[in-house]
């Protein structure tokens with residue numbers, strides 16, 4: 001079974017803090033993704049990575065950055081957290097073949113106060 | 114127009130009935146189609162994928178794809194209370210452009 005883990009299930013941070021969310025997958029997948037999920041808006045892609053040290057912006061990259069130093073690990077960084085970044089953050093991974101299914105981690109519910 | 118549209122529901126069916134979930138998409142170049150189930154407070158879980166026109170069956174689940182009509186559906190036969198969840202439709206053309214619908218909330222009543 002594919003296993004995608006995220007460093008925290010719940011996180012509370014203050015406005016202006018730098019926040020790190022980490023994701024690890026154990027299936028040797030090339031592709032990894034970060035989404036946020038908000039009620040009524042569905043899942044929105046923040047960034048994705050198709051290889052180590054490679055990254056591409058998704059639909060809503062503003063206020064976020066990412067790091068992929070190792071194949072199994074993909075980190076999402078909120079440079080200066082703001083209240084509008086309060087959300088559920090979901091990491092996913094998929095095999096290299098284009099259009100293949102994505103497997104999700106358990107999610108991190110981030111609250112910025 | 115949203116890229117992937119789903120009726121938000123809630124869709125309520127009695128236990129044992131067939132639940133029918135529908136999804137339309139706007140990108141005619143879409144190649145891959147997925148259904149995810151998401152329980153409240155949990156992350157999405159892949160339950161079906163379909164790439165070709167027609168039906169694909171897996172246990173109690175059947176995915177139906179009609180690319181000409183830009184329509185994909187999910188049928189759940191013999192619905193159980195444990196099927197109560199939000200079902201997300203996802204559509205993909207290439208690697209990085211998977212688009213999700215906002216989901217349909219299904220309630221199966223005992």
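Protein chains in written order, with the working numbering: chain A, 1 to 113; chain B, 114 to 223. Note that beta-carbon positions come from the ideal geometry of N, C-alpha and C, so glycine has one too.
Query	Result
Span of the beta strand (DSSP E), counted from its first residue to its last, around residue 184/B	184 to 189
CB contact below 9 Å: residue 100/A versus chain B	yes
Neighbour flag for residue 61/A against chain B, beta carbons, 9 Å	no
Residues that residue 159/B contacts on chain A, provided the C-beta gap is smaller than 7 Å	101 and 103
The stretch 17 to 29 of chain A contacting the stretch 81 to 99 of chain A, beta-carbon criterion three pairs below 8 Å	yes
Candidates 205/B, 196/B, 186/B and 207/B, of which the one nearest residue 133/B by Cα	186/B
Distance between beta carbons of residue 107/A and residue 156/B, contact taken as under 8 Å	5 Å
Three-state class that DSSP yields for residue 84/A in the structure shown	helix
Cα-Cα separation, residue 171/B to residue 161/B	8 Å
Option nearest residue 34/A by Cα separation, candidates 112/A, 18/A, 81/A and 4/A	4/A
Residue 106/A: contacting residues in chain B (beta-carbon distance under 8 Å)	155 and 156
Reference residue 163/B; option with closest CA among 195/B, 205/B, 119/B and 120/B	205/B
Minimum Cβ-Cβ distance from residue 90/A to chain B less than 9 Å	yes
Per-residue burial, residue 197/B [other beta carbons within 10 Å of its own, 16 or more giving buried]	buried
Within chain B, the residues that residue 41/A reaches when beta carbons sit closer than 8 Å	215
Contacts around residue 28/A, its chain only, beta-carbon distance under 8 Å, and the 5 residues preceding and following it disregarded	71 and 72
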